[in-house]
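Below is one structure; the comments refer to it alone.
Number of protein chains: 2
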Amino acid sequence: MIKLTEPTLLLDKAKCLKNIAEIVEKAKRHNVELRPHFKTHQSHEIGRWFRNLGVEKITASSLKMAEYFTEDGWKDITVAFPVNVHEIDRINFLAEKITLNLLVVASETIEKLANSLKFPVNIFIEVDCGDHRTGVNGGDFATIGNILSEINRFGLLNFKGFLTHGGHSYAVRGNKNALLDLHRKSVDSVTPLRDKYSTQFPDLTISYGDTPTCSVAEDFTEIDEIRPGNLVFYDVVQSEIGSCTLDQIAASMACPVVAKYPERNEFVIYGGGVHLSKDSLTLSGGQKSFGKVVNLTENGWDTTETGAFLKSLSQEHGVVYAPKEYLEQVQIGDFIGVLPIHSCMTVDLNSSYLTLEGKTISKFRFY
Amino acid sequence: MIKLTEPTLLLDKAKCLKNIAEIVEKAKRHNVELRPHFKTHQSHEIGRWFRNLGVEKITASSLKMAEYFTEDGWKDITVAFPVNVHEIDRINFLAEKITLNLLVVASETIEKLANSLKFPVNIFIEVDCGDHRTGVNGGDFATIGNILSEINRFGLLNFKGFLTHGGHSYAVRGNKNALLDLHRKSVDSVTPLRDKYSTQFPDLTISYGDTPTCSVAEDFTEIDEIRPGNLVFYDVVQSEIGSCTLDQIAASMACPVVAKYPERNEFVIYGGGVHLSKDSLTLSGGQKSFGKVVNLTENGWDTTETGAFLKSLSQEHGVVYAPKEYLEQVQIGDFIGVLPIHSCMTVDLNSSYLTLEGKTISKFRFY
Numbered sequence: 001m002i003k004l005t006e007p008t009l010l011l012d013k014a015k016c017l018k019n020i021a022e023i024v025e026k027a028k029r030h031n032v033e034l035r036p037h038f039k040t041h042q043s044h045e046i047g048r049w050f051r052n053l054g055v056e057k058i059t060a061s062s063l064k065m066a067e068y069f070t071e072d073g074w075k076d077i078t079v080a081f082p083v084n085v086h087e088i089d090r091i092n093f094l095a096e097k098i099t100l101n102l103l104v105v106a107s108e109t110i111e112k113l114a115n116s117l118k119f120p121v122n123i124f125i126e127v128d129c130g131d132h133r134t135g136v137n138g139g140d141f142a143t144i145g146n147i148l149s150e151i152n153r154f155g156l157l158n159f160k161g162f163l164t165h166g167g168h169s170y171a172v173r174g175n176k177n178a179l180l181d182l183h184r185k186s187v188d189s190v191t192p193l194r195d196k197y198s199t200q201f202p203d204l205t206i207s208y209g210d211t212p213t214c215s216v217a218e219d220f221t222e223i224d225e226i227r228p229g230n231l232v233f234y235d236v237v238q239s240e241i242g243s244c245t246l247d248q249i250a251a252s253m254a255c256p257v258v259a260k261y262p263e264r265n266e267f268v269i270y271g272g273g274v275h276l277s278k279d280s281l282t283l284s285g286g287q288k289s290f291g292k293v294v295n296l297t298e299n300g301w302d303t304t305e306t307g308a309f310l311k312s313l314s315q316e317h318g319v320v321y322a323p324k325e326y327l328e329q330v331q332i333g334d335f336i337g338v339l340p341i342h343s344c345m346t347v348d349l350n351s352s353y354l355t356l357e358g359k360t361i362s363k364f365r366f367y
Numbered sequence: 368m369i370k371l372t373e374p375t376l377l378l379d380k381a382k383c384l385k386n387i388a389e390i391v392e393k394a395k396r397h398n399v400e401l402r403p404h405f406k407t408h409q410s411h412e413i414g415r416w417f418r419n420l421g422v423e424k425i426t427a428s429s430l431k432m433a434e435y436f437t438e439d440g441w442k443d444i445t446v447a448f449p450v451n452v453h454e455i456d457r458i459n460f461l462a463e464k465i466t467l468n469l470l471v472v473a474s475e476t477i478e479k480l481a482n483s484l485k486f487p488v489n490i491f492i493e494v495d496c497g498d499h500r501t502g503v504n505g506g507d508f509a510t511i512g513n514i515l516s517e518i519n520r521f522g523l524l525n526f527k528g529f530l531t532h533g534g535h536s537y538a539v540r541g542n543k544n545a546l547l548d549l550h551r552k553s554v555d556s557v558t559p560l561r562d563k564y565s566t567q568f569p570d571l572t573i574s575y576g577d578t579p580t581c582s583v584a585e586d587f588t589e590i591d592e593i594r595p596g597n598l599v600f601y602d603v604v605q606s607e608i609g610s611c612t613l614d615q616i617a618a619s620m621a622c623p624v625v626a627k628y629p630e631r632n633e634f635v636i637y638g639g640g641v642h643l644s645k646d647s648l649t650l651s652g653g654q655k656s657f658g659k660v661v662n663l664t665e666n667g668w669d670t671t672e673t674g675a676f677l678k679s680l681s682q683e684h685g686v687v688y689a690p691k692e693y694l695e696q697v698q699i700g701d702f703i704g705v706l707p708i709h710s711c712m713t714v715d716l717n718s719s720y721l722t723l724e725g726k727t728i729s730k731f732r733f734y
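Chains as they are written, first to last, in our numbering: chain V, 1 to 367; chain U, 368 to 734.
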């Protein structure tokens, strides 16, 4: 086993490659373009594992993140966040070098953007397919029409299509039918836009996708591209939603045990909010879990249920609830594995990965 | 006003200096040593603002953090985390150069530590004063006696005293008497140890302290040193506890508005879990707040109640609930201020501060 001394973000490369291969193959099977979201892994190296399988277009959650990926040769990037015109310098820098796709949710943004733009960009209009975070209602042709008219006024802006993100799929728990139903409704809320606008815009793209629906659904007929990102590693929430099995989770935090309190059925690890994030999951018994505790092995970690989970986090301390039998095996100084509740957030906190073979993989810290 | 383009961690240096001056003066007034926790600010520069007022000893939450502060000349550091013996190389590196104080919670750690130690270190025994996270029960003389016997076996280990952290003060809400009562009980759980052990250890130190009690209490007679850290900036939770006023909060996130949804009483900011952390506070009406929204001004921010707060966070998006009157004044492209729920966690996510005068202050990222 690799030598560990402190909280360490572990990457099971084999599991990760398998997750990537599955979605690449699925996208091909359904004849949709895979434009994976890279905000989960934030790494040049892991990005290449997608490129090696033919992926050429990606999604980022910020312009800074897009810049980082252009450094490794990515030339077609969608920044899937309502465009922040204050960052016009970054926008121009990127637009000069690559195919840059920006997201617009309001017509007033268009003129401000166009007035300082120096190079062409593509525009996706974000459509709210049910998660009510950002986006225009798919049936709101008035607003969409206004945005399109605005786009049309400026030669450097090219309308590319409609983009949606079904983040509300994250509320589903282990109910495949509910997930497929949500998928159907999400798709139905955006695809009528093709009927309405494809005459005017024959190359219009419908861009879809979140990890739960993209993992489980098998019908993407009206969709042109999918953008799931979390599925590169998956996490405990995804397993609870039903997007994956626990065994598909490809990243975990290895944390040393620093104290034991059998009288409370607890042990404490060096691993807190600054390592894991404070994302939590409510378990069936009503308790909150901040991470699923598993045993590390020679080859990674064992997903056999230990019954132990992180019940609370401070900045660097993690308090684990552990059933008596499990607690008896744990000693101060041992390393345990924590399967992350939300891998995007856990990974974001760490500056590099350690593979099970002991290789360090770098990633970027954007803030 | 300074030019902002993206989510930015703002520091009101005047408010920060005032917070520092107040605790320095308070510690003098009560004849206790101030050994402030530097895990909140994580910055050489801000550390010097303490040093300028005569502070010579500090607290860190990890050995890495201690190393960072030794670079700026700090020579007496307590790592207030149960010692992780795997990091023996860091321990030896530090112990050779400075006065290093380590925390022990279990006797089995002592021998492992001593066997690889090359230079002298001081040992604090952590005592649980009521927050039941880590530490020995103050009345558990058997365990304490075992630990002391173990320490006594090794010439490089020097017993320094008892350290406690009343983290349970964080559950108090705006009730000064409850806080003072908790303070009294916490102090009472650790100070009998002086009676018991001061004959054997005449220079024994009782180290105490969390921001709520250290901010509000005025009786530290049995205490030798206090270690509050959060009070350098304070935050919304501290104002709810009653440790400070909103006006004392010295750090905020400036975030641009990217979308508006008057029909939902919401607007969306570029500012999510990766900028703020997902610490939340339950408001009196039962809703969760991930940050208090305020107006930015020429001189920082205005703490006048806007009624707006962050109701949910994604990785980079923040959804703000905003009452109608406030929402009407907000435009896409405006910057608003977010007072952090938990400043330690928000600051940890960011790689530097921007003062209101436009100066960048660096800090370290440990993971």
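Quick reminder that beta carbons are idealized off the backbone N, C-alpha and C, glycines included.
Counterpart residues of residue i in DSSP-defined beta bridges
i, result
"Ala60 (chain V)", "V:Val79"
"Gly667 (chain U)", "U:Thr664"
"Ser729 (chain U)", "U:Ser719"
"Phe162 (chain V)", "V:Ile125, V:Ile206"
"Glu282 (chain V)", "The displayed chain sequence assigns Thr, not Glu, to residue 282 (chain V). V:Lys288."
"His404 (chain U)", "U:Thr426"
"Asn504 (chain U)", "U:Asp495"
"Val452 (chain U)", "Val452 (chain U) pairs with nothing; no bridge assigned."
"Leu524 (chain U)", "U:Val488"
Where the beta strand (DSSP E) through residue i begins and ends
i, result
"Tyr637 (chain U)", "633-637"
"Glu126 (chain V)", "121-128"
"Ala251 (chain V)", "251-261"
"Thr8 (chain V)", "8-11"
"His642 (chain U)", "That residue, His642 (chain U), is in no beta strand (DSSP E); its alpha helix (DSSP H) goes 640-643."
"Val554 (chain U)", "It is not in any beta strand (DSSP E) - Val554 (chain U) instead sits in the alpha helix (DSSP H) that spans 543-557."
"Ser679 (chain U)", "676-680"
"Ile590 (chain U)", "Per DSSP, Ile590 (chain U) belongs to no beta strand (DSSP E) and is neither H nor E."
"Val319 (chain V)", "317-321"
"Ile703 (chain U)", "702-706"
Nearest residue (CA-CA) to residue i, options the options
i, options, result
"Lys552 (chain U)", "U:Thr612, U:Val660, U:Gly576, U:Ser656", "U:Gly576"
"Gly161 (chain V)", "V:Ile98, V:Tyr353, V:Asn122", "V:Asn122"
"Asp555 (chain U)", "U:Thr578, U:Pro569, U:Leu530, U:Lys543", "U:Leu530"
"Pro120 (chain V)", "V:Leu100, V:Gly130, V:Gly145, V:Ala106", "V:Leu100"
"Ala381 (chain U)", "U:Arg732, U:Glu724, U:Asn482", "U:Glu724"
"Ile58 (chain V)", "V:Gly229, V:Pro262, V:Lys288, V:Thr346", "V:Gly229"
Extent of the continuous alpha helix (DSSP H) to which residue i belongs
i, result
"Asp89 (chain V)", "88-97"
"Lys691 (chain U)", "691-696"
"Gln42 (chain V)", "That residue, Gln42 (chain V), is in no alpha helix (DSSP H); it is neither H nor E in DSSP."
"Asn115 (chain V)", "107-116"
"Thr211 (chain V)", "211-216"
Beta-carbon separation (whole angstroms), residue i vs residue j, contact threshold 8 Å
i, j, result
"Lys730 (chain U)", "His408 (chain U)", "7 Å"
"His684 (chain U)", "Thr134 (chain V)", "7 Å"
"Ile98 (chain V)", "Ile77 (chain V)", "6 Å"
"Gly658 (chain U)", "Phe676 (chain U)", "7 Å"
"Leu34 (chain V)", "Val24 (chain V)", "6 Å"
"Lys260 (chain V)", "Val330 (chain V)", "7 Å"
"Phe233 (chain V)", "Leu296 (chain V)", "With a Cβ gap of about 17 Å, Phe233 (chain V) and Leu296 (chain V) do not count as contacting."
"Ile241 (chain V)", "Gly174 (chain V)", "7 Å"
"Val274 (chain V)", "Gln238 (chain V)", "Rounded, the Cβ-Cβ distance is 23 Å, inconsistent with contact."
"Ile147 (chain V)", "Val236 (chain V)", "Going by Cβ atoms, the distance from Ile147 (chain V) to Val236 (chain V) rounds to 38 Å, so no, they are not a contact pair."
Residue i to residue j span [Cα, whole Å]
i, j, result
"Ile110 (chain V)", "Glu438 (chain U)", "49 Å"
"Val32 (chain V)", "Leu180 (chain V)", "18 Å"
"Ser352 (chain V)", "Asp715 (chain U)", "17 Å"
"Val624 (chain U)", "Glu585 (chain U)", "43 Å"
"Gly522 (chain U)", "Val450 (chain U)", "18 Å"
"Ala509 (chain U)", "Leu313 (chain V)", "29 Å"
"Ala250 (chain V)", "Gly337 (chain V)", "12 Å"
"Asn419 (chain U)", "Ala388 (chain U)", "10 Å"
"Tyr688 (chain U)", "Lys678 (chain U)", "6 Å"
"Ile269 (chain V)", "Leu4 (chain V)", "14 Å"
"Met620 (chain U)", "Gly506 (chain U)", "44 Å"
"Leu283 (chain V)", "Leu17 (chain V)", "29 Å"
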